[in-house]
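Numbering (this note's numbering), first residue to last: 97 to 242. Down below is the structure, laid out as structure tokens.
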Ligand SMILES: CC(C)(COP(=O)(O)OP(=O)(O)OC[C@H]1O[C@@H](n2cnc3c(N)ncnc32)[C@H](O)[C@@H]1OP(=O)(O)O)[C@@H](O)C(=O)NCCC(=O)NCCS
């Protein structure tokens, strides 16, 4: 385990975009880097809720991320990930708690997130932090501009 100091702060596009993409590409599971992660799409996301995109940093290296969003009714969480060498020391929990706090401050009553089938580690992580699997719901999705 790495014992270096961790800072949690807001994502800043000009400084953090390239490092964040590299970080996401290195995550071995539970993470899809897709067209919503292009520079244009990330900049578009930052036009709303820039305070909900957080990174965890150690010695100027990105070691964790989380993207929250609020549409005025529901919250949603994307791209929670912690570098393999830094897991199990509370960084993921801190990122999640901070985004939950910020969502509540915006008036969010309920928050959703997707976990890829088979990612049991992430499911256990969320369950131990008060999240419940919604067994009644089936998620539908539709791609635009394909
Ligand atoms: C899910 C994830 C973000 C958790 O990050 P983390 O920094 O390890 O989170 P924490 O340290 O706060 O909590 C990890 C839990 O695993 C336990 N743990 C102990 N040692 C661990 C280790 N070496 N590695 C991972 N978890 C460990 C912790 O005690 C903790 O247990 P708890 O939930 O009962 O408190 C991380 O595993 C990850 O990046 N996974 C790959 C990407 C992914 O699946 N993201 C979720 C997308 S839905």
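Beta carbons: idealized from backbone N, C-alpha and C, even for Gly.
Asked: First through last residue of the alpha helix (DSSP H) which encompasses residue 195; Found: 187-201
Asked: According to DSSP, residues forming a beta bridge with residue 178; Found: 160
Asked: Residues of its chain near residue 172, where Cβ-Cβ distance is below 6 angstroms and the 5 sequence neighbours each way are ignored; Found: 165, 208
Asked: Bounding residues of the alpha helix (DSSP H) (the contiguous stretch that carries residue 142); Found: 135-142
Asked: Alpha-carbon to alpha-carbon, residue 230 and residue 113; Found: 33 angstroms
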